[in-house]
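Student: Quick note, the sequences are listed as chains Y and P, same order.
Numbering of the first sequence is given in my numbering, commencing with residue 4 and proceeding in unit increments.
Numbering of the second sequence is given in my numbering, commencing with residue 1430 and proceeding in unit increments.
Glycine is no exception: its CB is placed at the ideal position from the N, C-alpha and C atoms.
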Amino acid sequence: MVIGFLAQRTRFCTVAAVRDVILIKDTYLFTGVVSLLLAALISNLILEQFHPGFQSQPIAHTNQLWNFGGMVLAGLAFTLAGGCPGRQLFLSGEGDADAAIFVLGMIVGAGFAHNFATASSPKGPGLWGPASVIVGLIICFIIGFSMSDLGKKIVEVKR
Amino acid sequence: MLKEFFCSRKNIIFTGIFIGVSAAFLQKLGNPANMGICVACMVRDIAGALGLHRAEVVQYIRPEIIGFVLGSLMAALIFKEFKPRAGSSPLIRFVLGFLAMVGALVFLGCPWRTLLRLAGGDGNALFGLVGLVVGIWIGIFFIKSGYNLGRNQKTYPIVGWIVPVIMVGLFLLLVFRPQLPSGAVFFSSKGPGAQHMLPSLSLC
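1. Using a cut-off of 8 angstroms between C-beta atoms, extract the partners of Ser1618/P located in chain Y.
2. Looking at the strands, I want to know which residues DSSP matches up with Arg1514/P.
3. Rounded to a whole number of angstroms, what is the C-alpha to C-alpha distance between Val1472/P and Leu1499/P?
4. Do you know how far the Cα of Thr65/Y is from the Cα of Gln58/Y?
5. Considering only residues of the same chain and omitting the five flanking positions on each side of His1482/P, which have a CB-CB separation below 7 angstroms?
6. Can you tell me which of Pro1492/P, Gln1582/P, Trp1541/P, Pro1593/P puts its alpha carbon nearest to the alpha carbon of Asp1474/P?
7. Quick check: the Cα distance between Val106/Y and Ser1629/P, rounded to an integer number of angstroms?
8. Closer than 8 angstroms, CB to CB, is Leu1632/P near chain Y or not?
9. On the three-state DSSP scale, how would you describe Ser59/Y?
10. Output the boundary residues of the alpha helix (DSSP H) element that contains Glu1493/P.
11. When DSSP labels each residue in this structure, what does Asp1551/P get in the three-state scheme?
12. For chain P, find out if any of its Cβ atoms is closer than 8 angstroms to the Cβ of Glu97/Y; answer yes or no.
13. Note down, in chain order, each residue of its chain lying with its Cβ closer than 8 angstroms to the Cβ of Pro1621/P, except the 5 sequence neighbours on either side.
14. Of the residues that make up the stretch 95 to 119 of chain Y, which ones have a beta carbon closer than 8 angstroms to any beta carbon in chain P?
15. Give every residue of the same chain whose Cβ lies closer than 7 angstroms to the Cβ of Trp1403/P, excluding the five residues on either side of it in the sequence, and list them in chain order.
16. Assign Phe1605/P to one of two classes, buried (16 or more other C-beta atoms within 10 Å of its C-beta) or exposed (fewer than that).
17. Between which two residues does the alpha helix (DSSP H) carrying Leu26/Y extend?
18. Taking 8 angstroms as the threshold (C-beta atoms), are Gly1480/P and Ser1611/P in contact?
Now the structure itself:
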């Protein structure tokens, strides 16, 4: 609850942090992300929870292509929706019904991901994991094209 | 100069530090490793508890998620920023939320957990982080090309209360743990879903 309170006040968001740095060269949110990373790192060192390496990390797999691919899809979808999952929760709390729809989409997506074997397990990506990422990226690209000036341009060229 | 930098940003820095430290301690106190706070994983656990999926190891009503929404609600009410609004491409947002979750579950973590996995020494998270930045970068390309979800509108106060009420409902399910003929509410007996700390503390 404290986190929700603080994050609502500061607009903390990990995706917008990176977006602002690249898009408008604003590092306000980014400082929050860096402090999160450093604080967690230092706390982990103190609590002896820091275990560097690639193999047998907790609740993780080592298929780097789909570690990468999965997050490309997630990063793109979050950016198109305007913020990371945490931010969408905080926005839902302050009355944003559209962010609430995003959250409901996440809940349904989670159900789908496990029922249709697109979610990974520590053993590796699920049966349909790679396919779901590719299809997801295509859908995101269609959304991105059709809801920006790029779509209009294509329509004009056709005319 | 440096002092000015930190003064204008002390709140956001404090927020970051607070999340980072509490995530580490939540892990120490029973949450799954490198998953002190992960919005995607925790929403996934809630979906499991409700029976939307039957992956038996990841079913639990995570009070952290409930706390995020209610904490934000309190802050918004106190500072008069509670503004019910709706109508900016809801169906598109539903699809994006769905896909974001599918992507995050291929990597096994949301952006927050990417950072926490890095902080726990998980090298695989580096690839996820690079993927995340590439994804955001593609998104920026669309934003620069005029991508827009459309304007939202002010709406009835009740609309803004729906998610907080759902969260209270989830909290009641967590506290009373009703057992229905279908088997719901589902709570993992092993795996990450069974790893959690005291609900009352996580809620805070």
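Tutor: By the coordinates alone:
1. Going along chain Y, no residue has its Cβ under 8 angstroms from Ser1618/P, so there is no contact; the nearest lies around 17 angstroms.
2. Asp99/Y, Lys1583/P
3. 15 angstroms
4. 7 angstroms
5. Ala1476
6. Pro1492/P
7. 23 angstroms
8. yes
9. coil
10. 1492 to 1507
11. strand
12. yes
13. Pro1461, Met1464, Cys1470, Asp1474, Val1486, Val1487
14. Ser95, Gly96, Glu97, Gly98, Asp99, Ala100, Asp101, Ala102, Ala103, Ile104, Phe105, Val106, Leu107, Gly108, Met109, Ile110, Val111, Gly112, Ala113, Gly114, Phe115, Ala116, His117, Asn118
15. The question about residue 1403/P has no answer here: the residues shown for chain P are numbered 1430 through 1633.
16. exposed
17. 17 to 27
18. yes
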